[in-house]
Amino acid sequence: MRNWNRRRFISTAGGAAGAALLAGAAPAAAAPAQQADSAEPLRIVTGEEDFVCPSTAPPGATVFQVTATSYRTGFLGLVRLRDGHEESAFRELLYALFSARTPQESIEATRGLMDTAELYGGAAVHPGAVSYITPVLEPGSYLVLEYRDFQGPLGRQPERGREHVRTLTVTEPVTATDAAAAAGSAATLTTRETAEGPRFELHGQPRAGSTVRCVNQVTQPDEAIIYRVRDDSVTEEDVHAFFNSDMSMTPPFGIDAPLGTPPISPGGDLWVTMPTEPGRYVAASWVSSLEDGRPMAAHGQHLIFHVTA
């Protein structure tokens with residue numbers, strides 16, 4: 232993920248905009264039906280002071296409910312450190328990534344993260360929104376973290392070592408739980424390599440409040456951040472112009488109310504249930520390209536799509 236573009240807009244939202252979003256927030260998405268038959272979703276709440284997170288989780292397809300109580304939190308990540316790598320080194324790489332001032336610094340930090348941890352995605356949420364994610368977990372230790380704690384003024388700016396990071400332990404043998412059945416996915420949003428570079432492909436029809444499977448089939452970490460597009464005149468060209476601007480223009484989408492998932496490692500996937508409503512949305516990636524350090528969306532990785540009732 233890149234710091235300078237997203238930070239400038241979200242960190243200036245504040246005050247009246249935040250209150251308006253809370254007042255007009257979309258209704259919470261229903262938990263996946265199959266999960267409700269077996270167990271309650273595991274609850275994660277990220278906020279200014281508290282970070283509510285389970286310490287253990289069952290194996291296989293496990294559903295987590297994710298909410299945020301502050302606009303300075305709400306980019307929840309799930310990662311697993313690779314063998315031989317320490318949590319402290321992973322934290323330092325996040326700081327290096329989000330404080331990068333040159334494309335080369337961003338590329339080096341991204342490569343370091345790829346070597347250090349497997350990224351399982353997560354949830355982008357904001358106050359008033361409820362999302363559900365369904366990763367497939369194997370036995371072992373994972374980290375649940377608030378990415379914004381590492382993003383300077385965009386987040387809470389805690390002291391080093393006091394970031395919202397918790398250990399999640401999965402100890403039972405893996406079961407044959409099918410993630411697609413557990414989440415009831417209606418559509419799949421895949422990142423694929425094309426002649427023009429990484430692009431989103433959408434298969435199936437997303438429905439309001441339903442689950443979307445997010446798949447990364449490119450060779451670097453990638454994300455799918457989802458924004459509402461309320462102006463019917465907005466085109467892909469408008470979105471592309473925004474990501475290639477100096478960020479002084481008004482975003483053509485609701486940048487203050489992100490949904491979707493933060494980065495997923497190459498070959499990974501995640502089921503995300505979001506409180507979407509009927510209408511137009513855009514998927515975009517702020518992740519730095521390993522080619523030049525610019526956001527993937529600046530290279531054309533964005534997709535406007537429709538959500539039906």
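Quick note: the sequence shown uses my numbering, first residue 232, plus one each step.
Just so you know, even glycine gets a beta-carbon here, dropped at the ideal spot from N, CA and C.
Since we're looking at a predicted model, the values are computed, not measured.
Excluding the 5 residues preceding and the 5 following residue i in the sequence, name in chain order all residues of the same chain whose CB lies nearer than 8 Å to its CB.
i, result
"threonine 287", "Leu399, Thr400, Val401 and Thr402"
"phenylalanine 474", "Asn236, Ala515, Pro526, Ala528, Ala529 and His533"
"phenylalanine 321", "Val310, Leu312, Leu344, Thr347, Ala348 and Leu374"
Out of the options, point me to the one whose CA is closest to residue i's CA.
i, options, result
"glutamine 448", "Gly524, Gly499 and Val375", "Gly499"
"valine 361", "Glu339, Pro489, Met505 and Thr419", "Met505"
"alanine 528", "Pro334, Phe381, Asp453 and Gln388", "Asp453"
"histidine 537", "Val443, Ser479, Arg525 and Gly524", "Val443"
"glutamate 522", "Pro494, Leu490, Thr333 and Tyr326", "Thr333"
"threonine 180", "Gly491, Val470 and Ala488", "Nothing about residue 180 can be read from this structure; the chain reaches only from 232 to 540."
"glutamine 532", "Glu467, Thr507, Trp502 and Asp346", "Glu467"
"threonine 293", "Leu307, Leu420 and Glu271", "Glu271"
"proline 437", "Ser372, Gly359, Val503 and Leu374", "Val503"
"glycine 359", "Gly524, Phe474, Thr277 and Phe329", "Thr277"
"arginine 511", "Val465, Glu336 and Gly524", "Val465"
"aspartate 346", "Thr450, Pro389 and Glu427", "Thr450"
"glycine 524", "Arg430, Glu336 and Thr422", "Glu336"
"aspartate 487", "Leu307, Tyr373 and Leu385", "Leu385"
"arginine 303", "Ser330, Tyr326, Pro389 and Glu317", "Pro389"
"arginine 391", "Tyr326, Glu279, Asp314 and Ala472", "Tyr326"
"proline 373", "Asp463, Glu279, Asp314 and Ser301", "One point to set straight first is that residue 373 is tyrosine, not proline, in the sequence displayed. It is Asp314."
Taking buried to mean at least 16 other C-beta atoms within 10 Å of its own C-beta, is residue i buried or exposed?
i, result
"valine 283", "exposed"
"aspartate 380", "buried"
"serine 319", "exposed"
"serine 479", "exposed"
"glutamine 382", "buried"
"aspartate 477", "exposed"
"threonine 425", "exposed"
"alanine 515", "buried"
"glycine 371", "exposed"
"alanine 365", "Reading off the sequence, residue 365 comes out as threonine, not alanine. Buried."
"aspartate 281", "exposed"
"threonine 539", "exposed"
"arginine 387", "buried"
"glutamate 394", "buried"
"alanine 331", "buried"
"glutamate 317", "exposed"
Report yes if the CB atom of residue i is closer than 7 Å to the CB atom of residue j, and no otherwise.
i, j, result
"leucine 273", "proline 285", "yes"
"alanine 355", "leucine 312", "no"
"tryptophan 517", "proline 509", "no"
"threonine 492", "glycine 352", "yes"
"isoleucine 456", "proline 489", "yes"
"serine 496", "leucine 309", "no"
"threonine 419", "glycine 435", "yes"
"glycine 396", "leucine 376", "Looking at the sequence provided, one finds valine at residue 396 rather than glycine. In contact: valine 396 and leucine 376 (Cβ atoms closer than 7 Å)."
For residue i, which residues from the same chain have a beta carbon less than 6 Å from its beta carbon, with the 5 sequence-adjacent residues on both sides left out?
i, result
"glycine 305", "Ala299, Val356 and His357"
"glutamine 296", "Pro272, Arg274 and Tyr363"
"leucine 328", "Ala340"
"glycine 343", "Leu324"
"serine 301", "Gly278 and Glu279"
Excluding sequence positions up to five away, which residues of its chain have a Cβ less than 7 Å from the Cβ of residue i?
i, result
"valine 513", "Tyr458, Val460, Val470, Phe484, His533, Leu534 and Ile535"
"cysteine 445", "Gly352, Leu420, Ala455, Thr492, Ile495, Asp500, Leu501 and Val503"
"isoleucine 241", "Unreliable positioning characterises isoleucine 241 in this predicted model, as indicated by a pLDDT of 36, which lies under 50. A coordinate reading is not provided."
"proline 432", "The identity of residue 432 in the sequence shown is glutamate, whereas the question assumes proline. Thr421 and Arg423."
Can you find a heavy atom of the ligand FAD that lies under 6 Å from the Cβ of residue i?
i, result
"tyrosine 378", "Within the structure as shown, the ligand FAD is missing, as the structure has no ligands at all."
In chain order, what are the residue ranges of uninterrupted alpha helix (DSSP H) at least 4 long that sit wholly in the stretch 328 to 370? 334 to 347
Of all the beta strand (DSSP E) runs that stay within the bounds of the stretch 416 to 492, which reach a length of 3 or more residues? 416 to 423, 430 to 435, 442 to 447 and 453 to 460
Going residue by residue through the stretch 264 to 320, where are the continuous alpha helix (DSSP H) segments of at least 4 residues, counting only ones entirely within it? 264 to 269
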